[in-house]
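> What follows is a structure written as structure tokens; I'll ask about it next.
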Amino acid sequence: MELWSGERIWFLRFALYYGEKWKVPLDGAFVSLVLEMILGLILKPMRVSIGLFLRQGIFLLIKA
Numbered sequence: 006m007e008l009w010s011g012e013r014i015w016f017l018r019f020a021l022y023y024g025e026k027w028k029v030p031l032d033g034a035f036v037s038l039v040l041e042m043i044l045g046l047i048l049k050p051m052r053v054s055i056g057l058f059l060r061q062g063i064f065l066l067i068k069a
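FYI, the numbering for the sequence shown is 6 to 69, going by this note's numbering.
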């Protein structure tokens with residue numbers, strides 16, 4: 006599962022912010038891996054469905 010670099014940076018910022026806030030001991034590599042796995046499972050289907058939606062919309066505009 007390959008994530009965009011912007012998503013990866015966002016995950017790390019999220020982990021560091023809430024790790025400090027909740028006093029959770031963080032290992033950067035472990036947190037990054039877990040967040041990529043969890044949020045990647047959510048974001049990948051969303052990207053696919055948004056892509057299909059846009060393609061259908063463009064097709065309908067061309068057809069009209």
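Built from N, CA and C at the ideal position, the CB exists for glycine as well.
Rounded to whole angstroms, how far is the Cβ of Leu40 from the Cβ of Phe19, which I believe are closer than 8 Å?
Yes, Leu40 and Phe19 are in contact; Cβ-Cβ is about 7 Å, under 8 Å.
> Alpha carbon to alpha carbon, how far is Met42 from Trp15?
The straight-line gap from Cα to Cα measures roughly 14 Å.
> For Ile67, which residues in the same chain have their Cβ closer than 6 Å to its Cβ, ignoring the five residues on either side in sequence?
Counting only Cβ-Cβ distances below 6 Å, and skipping sequence neighbours, we find nothing.
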